Structure formats: C-alpha cells, structure tokens
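Those letters in the sequence shown? Residues 4 to 287, per the numbering used here, in order.
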Amino acid sequence: MHEHHKDIAILYHGGCPDGFGGAYAAWKKFGDSADYIPVKYEQPVPKHIEGKELYMVDFCYEQGIMDGLLKNAKSLVVLDHHEGVRDVVESMPNHIYDSQRSGATIAWSYFHPETPVPTFLTYVEDADLFRMVSDDERAIITYAYAQPWHFDLWDEHIRRVDDPAERAKMVERGGAYQEYFLLIAHQLIGNAELVLFEGYECYLVSGEKMFITELGSQLRKKRPPLALVVRAGATGLRVSIRSDDTANAAVLAQKYGGNGHPNASAFSIPWGTPLPWKPITPGS
Numbered sequence: 004m005h006e007h008h009k010d011i012a013i014l015y016h017g018g019c020p021d022g023f024g025g026a027y028a029a030w031k032k033f034g035d036s037a038d039y040i041p042v043k044y045e046q047p048v049p050k051h052i053e054g055k056e057l058y059m060v061d062f063c064y065e066q067g068i069m070d071g072l073l074k075n076a077k078s079l080v081v082l083d084h085h086e087g088v089r090d091v092v093e094s095m096p097n098h099i100y101d102s103q104r105s106g107a108t109i110a111w112s113y114f115h116p117e118t119p120v121p122t123f124l125t126y127v128e129d130a131d132l133f134r135m136v137s138d139d140e141r142a143i144i145t146y147a148y149a150q151p152w153h154f155d156l157w158d159e160h161i162r163r164v165d166d167p168a169e170r171a172k173m174v175e176r177g178g179a180y181q182e183y184f185l186l187i188a189h190q191l192i193g194n195a196e197l198v199l200f201e202g203y204e205c206y207l208v209s210g211e212k213m214f215i216t217e218l219g220s221q222l223r224k225k226r227p228p229l230a231l232v233v234r235a236g237a238t239g240l241r242v243s244i245r246s247d248d249t250a251n252a253a254v255l256a257q258k259y260g261g262n263g264h265p266n267a268s269a270f271s272i273p274w275g276t277p278l279p280w281k282p283i284t285p286g287s
C-alpha cells in the first residue's frame, strides 16, 4: 500500500475527467508539495492521511466518514457539486458547493481566485454537466480524454486550446476520434435490452465508461425518461443512470447507495446482490 508522506493531500474523484481537472487545478497551486490521490465511493478511504491538510475535490464521502476525516485532519476543505451529497458537503466548516459548476472549475476558482478559468476547463465542465456544446468543443474533449491523463499534458491542452493553429489540429484529430467513437456507440446501442427498473420501462446496455454518456443519452431519448448503462468490475456491477428532466437520476441512485446529478448518476451492485431490474420479454 502506498504511503502518503506529504503534508498536503488532494483527494479527487478518480476515473473522472472533471475530478482530474480539479486535481490539476490543485497541482497548479501546490505542484510536487502535495499528494494527489484518486478516490472512489466503492473503495476504502486512503490510509496515512491523518493530520494532513486535506482537500477533497469533486468528491465527498458519506457523513460518518467525513466527520472522521474532519476530526483527524489538520484541516479539511471540500469542493463539490454532486447533488447526492450536498447536505454532507454543506455540513463541513470549509466547503464550496455549487451544482451549477463542475468540480474542475470550482477547484480552479478556489485555488486561483485571481485567474480566469482556462477555456479548456470550461469545456470539461460543459461535458461533465451534459450541456449543449459546439462540435469543436466535443472534438477537443474527445481528443483530450483519449490521451493519457497527466498534469503536464493537461497544461499542453490548456495552452493549445487558446492557440488558433493548435486548436484547429485538436479539432481535426478529435473529429476523427469522434466519428469512430460514434460508430462503435451505435453498434453497442443495438445490443440494448428492455428492463423494468423502479417502475420505469427503460433500456439497459453494457458499455465501458467512455461510452456511458453517449449510450445513455441516445437510449433515454429512444425510451424516455431514462436509460441504464452497466459495466462489470472486480467487486460487482457499476450502473450509470442517464435521465431527462422528468426523472431524477440522483434520487434513484441514492436508493442504492449511489450519487450524482438529476440527469446523471451511478451506483454499484456487489456480486451476489439481487439485480434491481427485471427483463421485459417481447409480448409481456
């Protein structure tokens, strides 16, 4: 197990571009003087973080864990935007909660209050909040997310987006990625099955994380008001919900110990646990 020896620890939403963007914002302030630790809801709290200056970015545990971290940390700041943990975030003495922004932009404004949010991070926010974005934005995000997630490389993304010639290259390359990505997504959509989940007849499909938003968006339109995208992991199934405004995805996920936003959320089902949906067979 890795021990974290630095006095400052940044705990950020792991496996999430927005969470990584928030960690990047912290890195631009602290550099190598901090540990950057990806965390997930279904994983144990990192060890060896007692007595440290803690920053939680785009992430917040449930109340009992947060109370323990607050008690044992030198200091604790929570920066989050997920509706499912709003009450917990706001119970912390030092916090920023804003459901209209993403973790990356909240973190940037917190760590760099005198510097405007970089254009690239506003694109990260748009993607995370499922806002309507331009074709250029979609291409840039597709390109950037397909690259390794390293702080130095995100520095380059931020620089290139503001350089017209470099931006054009990102758009061109990302457009090609996007075309292939959509082709695969269309093939996956063909494998969707109808299920009954929490009173809703909806589509369920298997897909890796990079396809969740596209699959969920297309299938919730095909069979409103929501869709489920599942993927298998070592400890169980990860279920992502994508919904329109007539169904609250966050509330549905919270019922199963999950978290998220009104239109996008997720929860986990440990292996051996009964599935919360039933197949709908043709003619039933």
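Where is the CB? At the ideal position from N, CA and C, for every residue including glycine. No experiment lies behind these values; they were computed from the predicted model shown.
Going by DSSP, what residue range makes up the alpha helix (DSSP H) through Tyr-146? 138-149
Would you call the segment 132-147 in contact with the segment 176-184, where contact means no fewer than 3 C-beta pairs closer than 8 Å? yes
Pairing CB atoms from the segment 75-88 with CB atoms from the segment 38-58, are three or more of them under 8 Å? yes
How is Met-59 classed by DSSP in three states: helix, strand or coil? strand
In terms of DSSP beta bridges, what is Ile-262 paired with? The question names Ile, but residue 262 in the sequence shown is Asn. The partner list for Asn-262 (beta bridge, DSSP) reads Ala-269.
Spell out the partners DSSP gives Ala-12 in its beta bridges. Asp-38 and Leu-57
Are the segment 229-246 and the segment 255-266 touching, with three or more C-beta to C-beta distances below 8 Å? yes
Checking the sheet assignment: what are the DSSP bridge partners for Ile-99? Leu-82
Cutoff 6 Å; reference His-16; Cβ partners in own chain excluding five residues on either side: Gly-22, Asp-61 and Phe-62
Using a 10 Å radius around the Cβ and a threshold of 16 neighbouring Cβ atoms, would you call Asp-165 buried or exposed? exposed
Would you kindly work out how many angstroms separate the C-alpha atoms of Ile-68 and Ala-26, rounded to a whole number? 21 Å
What are the boundary residues of the beta strand (DSSP E) that Trp-280 is part of? 280-282
Compare the Cα-Cα distances from Pro-41 to each of Glu-65, Asp-139, Ala-12 and Phe-133 and report the closest residue. Ala-12
Please list, in chain order, all residues of the same chain as Arg-89 whose beta carbon is under 7 Å from its beta carbon, the five residues on each side excluded. Tyr-100
Tell me whether Gly-193 sits in a helix, a strand or coil according to DSSP, three-state version. coil
So, for Ala-235: in the same chain, excluding its five sequence neighbours on each side, which residues have a beta-carbon less than 6 Å away from its beta-carbon? none
Within the same chain, show all residues whose beta-carbon is closer than 6 Å to that of Ala-130, passing over the 5 residues directly before and after it, in chain order. Ile-144
Identified DSSP bridge partners for Ala-28: Partner(s): none; Ala-28 has no beta bridge.
Taking the alpha carbon of Ile-283 as the point to measure from, which residue in His-189, Gln-66, Asp-38 and Phe-200 has its own alpha carbon closest? Phe-200
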